[in-house]
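Q: A single structure is presented below for examination.
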């Protein structure tokens with residue numbers, strides 16, 4: 795069975811990044827994959843100091859083990875200042891090749907204004923650096939404050955279709971690249 | 795007088811990013827500018843949650859006010875996973891246009907392996923996003939573990955010259971762009 | 795007097811990139827600068843083979859001399875495949891530090907779909923590579939087929955204001971960085 | 795059988811990009827894949843004007859059909875001005891989703907100075923834009939003038955190993971993603 799871990803790089807209480815992550819996770823699950831969402835708002839993570847050991851922060855191991863045990867990843871980030879959030883970059887900094895290499899990842903960004911590819915481009919190159927695969931399908935959710943309905947659905951049918959194709963590609967290519975059966 | 799604030803995106807005890815920042819700062823001071831270094835290892839900063847207010851974290855205001863009052867910036871970051879550190883991105887996320895717009899910045903990266911431009915490119919685009927100027931001169935310090943002598947000097951004379959040109963450009967262009975006298 | 799050279803990276807007969815370039819040029823001229831537009835549709839340029847000499851192509855020298863003699867540049871490009879056009883990159887490849895270093899540039903991109911920063915980001919990093927300055931103000935004209943009126947004006951007042959600020963910043967910062975009088 | 799098309803973005807007579815491409819092609823062939831190299835020095839291609847039709851340039855169709863019929867791609871480019879060559883970007887501009895989408899690509903850059911990732915990063919994002927896959931393994935050949943022996947072999951054993959891993963990943967992942975048998 796395909797195992798996917800989802801992480802969002804926002805600490806806001808009602809975060810649109812988590813709404814987007816949840817939506818993607820639901821569609822990935824509907825295709826038969828298992829999804830575990832690691833909520834960075836619940837984990838207690840330190841700032842990365844370049845070292846390996848973070849005594850007093852057991853959630854570092856929790857993060858590392860969950861990602862290490864996964865076949866694929868969904869990474870969602872708010873676009874802050876034309877790039878990924880420091881929060882999600884720091885979470886990635888706490889991991890290394892051992893955890894991330896060979897994973898198949900899909901990336902999502904969430905913006906207050908018009909959609910843009912800055913954070914997605916950065917995430918793609920960061921994940922490449924640790925030898926992860928990033929699927930070509932990616933999603934930028936613009937004007938996030940009006941993108942979701944009250945019950946957490948995507949308002950724009952075209953954007954909703956992008957989530958469908960994103961989930962299909964992530965599950966399908968994770969199976970193929972990781973040699974898992976359908 | 796030109797006022798420069800220097801920030802490095804590393805929390806390591808003996809950080810090469812801070813060594814590089816110190817070197818750049820010394821040369822900028824030798825050209826008549828004032829430099830204040832904000833050491834993120836001493837500041838107590840929270841993870842950015844997308845909001846403006848961080849009660850219980852007075853160092854957020856200290857960071858913001860220092861940057862707001864500056865004419866120019868030196869930003870040094872270790873290159874982690876082919877990009878800037880989460881630590882420095884988070885510090886930037888805690889600030890906004892109000893603090894960063896119109897500043898003149900020089901960027902430095904520090905790598906364990908061969909020099910590369912990934913973190914410098916990202917930093918340039920992030921700073922552009924908040925309408926700061928980034929000088930064309932930039933420095934990637936490769937193989938940082940052997941780049942500095944015991945007394946903190948740059949071993950490679952060509953790299954040392956890059957620091958000279960970096961400092962000259964930063965001070966000169968900050969004066970010009972901010973309309974300050976020499 | 796500030797001398798600006800404008801180049802657009804499109805060879806289409808009725809190119810939106812040239813429309814955007816013309817608009818920017820008019821506003822730059824209104825601020826007292828001289829603008830020369832080099833129309834790549836009229837120049838006969840070869841593909842760059844990495845060498846310096848292109849016998850039989852006198853327009854290579856025309857391009858190089860015009861840029862070398864300028865203080866600033868306006869570069870407009872269609873966004874093709876998430877980057878600058880090969881046409882404008884090739885024109886830049888035909889030049890070197892000798893022609894481009896120290897110039898102050900403003901960059902514009904034109905897209906058929908929604909605005910995006912991909913081509914602008916690439917152009918910014920390419921120009922940095924040859925030690926040119928790129929102003930923070932940049933313009934992405936999305937849905938270019940409906941952006942301009944029949945008489946070549948920008949329909950969207952906010953986008954029109956961006957052209958104003960772009961022109962002001964280009965002229966002002968070129969004066970400052972090149973030490974020219976107002 | 796896996797069909798790979800190789801293209802290099804240099805027009806130099808004795809191009810290091812073609813040497814690198816040849817080396818990668820040999821190793822890909824040794825793994826049982828078929829490789830066709832399209833030499834842009836032999837093809838007569840026009841500058842892309844944004845249109846679909848290029849009467850008088852039958853090589854445009856030759857390029858498009860070869861790429862359309864391939865499962866995977868090797869793209870090698872000199873790094874000019876911190877990005878891909880205009881030559882290879884223009885060749886890509888002449889193609890569209892119809893030809894490039896779903897292909898599995900490996901990217902190589904060749905530099906006169908120290909290795910860097912600028913052109914590789916750009917190529918990765920360009921190929922993503924047309925929905926191609928880019929393998930995590932990538933190669934930057936620095937100081938290309940001394941990288942190859944007289945008989946065209948890579949001098950540095952570590953770099954040679956990178957070519958091995960590049961070829962293995964390209965063939966293996968093309969098989970997996972395209973559903974081809976080993």
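Residue numbers (my numbering), protein chains in the order written: chain A, 795 to 976; chain B, 795 to 976; chain C, 795 to 976; chain D, 795 to 976. Every residue, glycine too, gets a C-beta built ideally from N, C-alpha and C.
Residue 924 (chain C): which of C:804, C:818, C:814, C:896 sits nearest, CA to CA?
A: Minimum Cα distance to residue 924 (chain C) is reached at C:896.
Q: Quick check on this structure: which residue in D:964, D:973, D:840 has the alpha carbon closest to the alpha carbon of residue 881 (chain D)?
A: Checking every option, the nearest Cα to that of residue 881 (chain D) belongs to D:840.
Q: Assuming residue 797 (chain D) is part of the beta strand (DSSP E), what are its boundary residues?
A: 797–802 is the extent of the beta strand (DSSP E) around residue 797 (chain D).
Q: Which value, in whole angstroms, describes the spacing of the CA atoms of residue 906 (chain B) and residue 915 (chain C)?
A: Whole-angstrom Cα-Cα distance: 26 Å.
Q: Below 8 Å, how does it come out for the stretch 835–851 of chain C and the stretch 865–878 of chain C: are there three or more Cβ pairs, yes or no?
A: No contact exists between the stretch 835–851 of chain C and the stretch 865–878 of chain C.
Q: So, helix, strand or coil for residue 942 (chain B), using DSSP?
A: Three-state DSSP puts residue 942 (chain B) in a strand.
Q: Quick check on this structure: which residue in A:888, A:801, A:853 has the alpha carbon closest to the alpha carbon of residue 902 (chain A)?
A: Minimum Cα distance to residue 902 (chain A) is reached at A:801.
Q: Determine the extent of the beta strand (DSSP E) in which residue 929 (chain C) is found, giving its start and end residues.
A: Element bounds for residue 929 (chain C): n/a, residue is neither H nor E.
Q: Quick check: is the beta carbon of residue 951 (chain B) nearer than 8 Å to any beta carbon in chain D?
A: No - not a single Cβ of chain D is within 8 Å of the one on residue 951 (chain B).
Q: Hey, is residue 841 (chain C)'s beta-carbon within less than 8 Å of any beta-carbon in chain D?
A: Output row for residue 841 (chain C): interface = yes.
Q: For a contact meaning CB atoms closer than 8 Å, what does residue 919 (chain B) contact in chain A?
A: Result: 876, 877, 912.
Q: For residue 872 (chain B), does the three-state DSSP call read helix, strand or coil?
A: It is a strand residue.
Q: How far does the beta strand (DSSP E) with residue 948 (chain B) in it reach, from first residue to last?
A: Neither: residue 948 (chain B) is in no beta strand (DSSP E) and is coded neither H nor E.
Q: For residue 836 (chain C), which residues in chain D fall below 7 Å Cβ to Cβ?
A: Those do not exist, as residue 836 (chain C) stays about 13 Å from chain D at its closest Cβ, beyond 7 Å.
Q: Give the secondary structure of residue 936 (chain B) by DSSP, where H, G and I count as helix, E and B as strand, and everything else as coil.
A: Three-state result, residue 936 (chain B): coil.
Q: Tell me, please, whether the CB atom of residue 872 (chain C) is closer than 8 Å to any CB atom in chain D?
A: Yes, its Cβ sits closer than 8 Å to a Cβ of chain D.
Q: Where DSSP assigns a beta bridge to residue 831 (chain C), which residues make up the other side?
A: For residue 831 (chain C), which the question treats as bridged, DSSP gives the partners C:800.
Q: Just checking: is the beta-carbon of residue 897 (chain D) within a distance shorter than 8 Å of some beta-carbon in chain C?
A: Not an interface residue.
Q: Inspect the CB distances between the stretch 816–834 of chain D and the stretch 928–947 of chain C and report whether three or more fall short of 8 Å.
A: Because the criterion of three Cβ pairs below 8 Å is not met, the stretch 816–834 of chain D and the stretch 928–947 of chain C do not touch.
Q: For residue 890 (chain D), which of D:811, D:821, D:847, D:879 has the nearest alpha-carbon?
A: When only C-alpha atoms are compared, the closest one is D:847.
Q: Suppose contacts are defined by Cβ-Cβ distances below 8 Å. Is residue 918 (chain C) in contact with residue 921 (chain B) by that definition?
A: Contact: no.
Q: Looking at chain C, is there any beta carbon in it that lies within less than 8 Å of the beta carbon of residue 804 (chain D)?
A: Interface residue, yes.
Q: Quick check: is the beta carbon of residue 970 (chain D) nearer than 8 Å to any beta carbon in chain A?
A: At least one chain A Cβ lies under 8 Å of residue 970 (chain D).
Q: Determine, using beta carbons only, whether residue 908 (chain C) comes closer than 8 Å to chain A.
A: Closer than 8 Å: yes.
Q: Residue ranges of each alpha helix (DSSP H) run of no fewer than 4 residues wholly in the stretch 836–880 of chain B, ordered along the chain?
A: The qualifying runs are 852–862.
Q: When the Cα of residue 828 (chain C) is compared with those of C:797, C:849, C:836, C:809, which residue comes out closest?
A: Of the listed residues, the one whose Cα sits closest to residue 828 (chain C) is C:797.
Q: Measure from the C-beta of residue 944 (chain D) to each C-beta in chain C and report whether the shortest distance is under 8 Å.
A: So no, residue 944 (chain D) is outside the interface.
Q: Can you give me the Cβ contacts of residue 821 (chain D) inside the same chain, cut-off strictly under 7 Å, excluding the 5 residues immediately before and after it?
A: Closer than 7 Å at the Cβ level, and outside the excluded window around residue 821 (chain D), lie 957, 958, 961.
Q: Once DSSP output is grouped into helix, strand and coil, what is the label at residue 903 (chain A)?
A: DSSP places residue 903 (chain A) in strand when its eight states are reduced to three.
Q: Would you mind stating whether residue 935 (chain D) and residue 899 (chain D) have Cβ atoms separated by less than 8 Å?
A: In this structure, residue 899 (chain D) does not lie closer than 8 Å to residue 935 (chain D) by Cβ.
Q: The alpha helix (DSSP H) that contains residue 908 (chain D), what's its start and end?
A: That residue, residue 908 (chain D), is in no alpha helix (DSSP H); it is neither H nor E in DSSP.
Q: If you measure from the beta carbon of residue 954 (chain C) to each beta carbon in chain B, is any gap under 8 Å?
A: Output row for residue 954 (chain C): interface = no.
Q: Shorter than 8 Å from the beta carbon of residue 893 (chain A) to some beta carbon of chain D?
A: With 8 Å as the cut-off, residue 893 (chain A) does not count as an interface residue toward chain D.
Q: Nearest to residue 894 (chain C) by CA position, among C:883, C:940, C:862, is which residue?
A: That would be C:862, whose Cα lies nearest to the Cα of residue 894 (chain C).
Q: At what residues does the alpha helix (DSSP H) containing residue 811 (chain C) begin and finish?
A: Where residue 811 (chain C) is concerned, the enclosing alpha helix (DSSP H) stretches over 810–824.
Q: Along the chain, where does the alpha helix (DSSP H) containing residue 894 (chain A) start, and where does it finish?
A: Counting along the chain, the alpha helix (DSSP H) containing residue 894 (chain A) begins and ends at 891–894.
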